[in-house]
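Read the structure below first, then the notes.
Residue numbers (my numbering): 2 to 223.
As C-alpha cells, this is what we get:
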C-alpha cells in the first residue's frame, strides 16, 4: 500500500495501488473479451496458466538477456496441452523463445502491454521470485512457485516472503503435478494465500484510484 504524509497536519492517505484496482473489481469485461480474441482463446475452456518469471541471473550476477525459458514446454504440451494453455510473459523486453509445434498450447504474450489483463485472464500463475506474486495474490487464484536447479537471485535482492502462498516446485515433475491438480492447489493453499494478502495487500480494496482522485483533485487534500 501507499501512504502520503507530505505536509504538516495532513492525514496520510493509506491506499493500495490504482493499477491493482481491476484485480479486485474484475476489470473491464470488454477488454478481457478483446484480449481473449487477440490470443485466440475465445470459447477456450482450458486452464489458462500465466508463466511470469523474474529475469534470470547470469554468471556475472546481472540479469541475463537470454530469451530461453526454464519452463519444460515440450512436456507441458505433451502432458497437459489438452487441458491447459500456457501464457508466457517474458521477464525482459522482446519475444520469448518458443519452439515450433506448440501453436495453441503455448502463447507468447510479450506484445500484451497490460500485465493486469493477463492476470485477470488466467486461472493460475507460475513464477519464481517475480514481484508479480504480490499483485496476483489479490485474485485468490492458485500460484505455483517454480524454482528449478540453477536459479540464481541477484546479489542483495531481498529474501522471498515466507511462506509463499503456493507449492514450491524445484523440478519439472513437481511443477507439472501441481499444474495438473490446480483445484487441489487452490484449496490446499487457501489459508496461505489469505495470510499473504493480509500481509502484503492490506490497502488494496479496489478503490485506490478513486481515493487518490478524491484526495488530490476534489478538494479533499492540500
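From the three backbone atoms N, C-alpha and C, an ideal C-beta is built for every residue, glycine too. Since we're looking at a predicted model, the values are computed, not measured.
Q: Could you check which residue in 121, 81, 74, 54 has the C-alpha nearest to that of residue 34?
A: As a working note, residue 34 is residue 33 in the chain shown. Selected option, being the one with the closest Cα: 121.
Q.
Once the 5 residues before and after residue 74 are set aside, which same chain residues still bring their CB inside 8 angstroms of it?
A. In the chain shown, counting from the first residue as 1, residue 74 sits at position 73. Contacts found: 87, 99, 100, 103, 107.
Q: Report the rounded CA-to-CA distance for residue 192 versus residue 167, giving the unit in angstroms.
A: Looking up residue 192 in the chain shown gives position 191. Looking up residue 167 in the chain shown gives position 166. The straight-line gap from Cα to Cα measures roughly 10 angstroms.
Q. How would you write the range of the alpha helix (DSSP H) that residue 134 sits in, first residue to last?
A. The count along the chain shown starts at 1 and reaches residue 134 at position 133. Boundaries of the alpha helix (DSSP H) harbouring residue 134: 133-137, taken from the DSSP string.
Q) Which residues mark the beginning and the end of the alpha helix (DSSP H) in which residue 40 is found? A) Reading the chain shown from its first residue, position 39 is the one you call residue 40. Start and end: 30-40.
Q) What did DSSP end up calling residue 124 once you bin it into helix, strand or coil? A) On the chain shown, position 123 is the one that residue 124 refers to. DSSP places residue 124 in coil when its eight states are reduced to three.
Q: Could you name the residues of the same chain whose beta carbon sits closer than 6 angstroms to that of residue 43, not counting the 5 residues immediately before and after it, in chain order?
A: Here the question's residue 43 lines up with position 42 in the chain shown. A distance below 6 angstroms between beta-carbons, with the five flanking residues on each side excluded, links residue 43 to the following residues of its chain, in chain order: 37.
(Q) Just to confirm, is the Cβ distance from residue 129 to residue 148 under 7 angstroms? (A) Numbered from 1 along the chain shown, position 128 holds the residue referred to as residue 129. Numbered from 1 along the chain shown, position 147 holds the residue referred to as residue 148. Taking 7 angstroms as the Cβ cut-off, residue 129 and residue 148 qualify as a contacting pair.
Q.
Closest to residue 78 by C-alpha separation, out of 126, 199, 184, 180, would be which residue?
A. Residue mapping note: residue 78 aligns to position 77 of the chain shown, counting from 1. Nearest of 126, 199, 184, 180 to residue 78, Cα basis: 180.
(Q) Taking 7 angstroms as the limit between beta carbons, can you name the residues of its chain near residue 140, skipping five residues before and five after? (A) Counting from one through the chain shown, the residue named residue 140 turns up at place 139. The residues are 24, 120.
Q) Residues bridged to residue 48 by DSSP? A) Position 47 of the chain shown, counting from 1, holds the residue named residue 48. DSSP output for residue 48 lists 85 as bridge partner(s).
Q: Just confirm the distance between the C-beta atoms of residue 50 and residue 127, as a whole number of angstroms; I'd bet it's less than 8 angstroms.
A: Looking up residue 50 in the chain shown gives position 49. Looking up residue 127 in the chain shown gives position 126. Yes, they are in contact, since the Cβ atoms of residue 50 and residue 127 sit about 6 angstroms apart, within 8 angstroms.
Q | Residue environment, residue 131, which counts as buried when at least 16 other CB atoms sit within 10 Å | A | As a first step, residue 131 must be located in the chain shown, where it is residue number 130. Burial call: buried.
Q. Taking the alpha-carbon positions, what's the residue 169 to residue 28 distance?
A. Within the chain shown, numbered from 1, the residue matching residue 169 stands at position 168. Within the chain shown, numbered from 1, the residue matching residue 28 stands at position 27. Cα to Cα, the separation comes out at about 29 angstroms.
Q | Paired residues, beta bridge with residue 144 - DSSP | A | As a position in the chain shown, residue 144 is number 143, starting the count at 1. Partner(s): 126.
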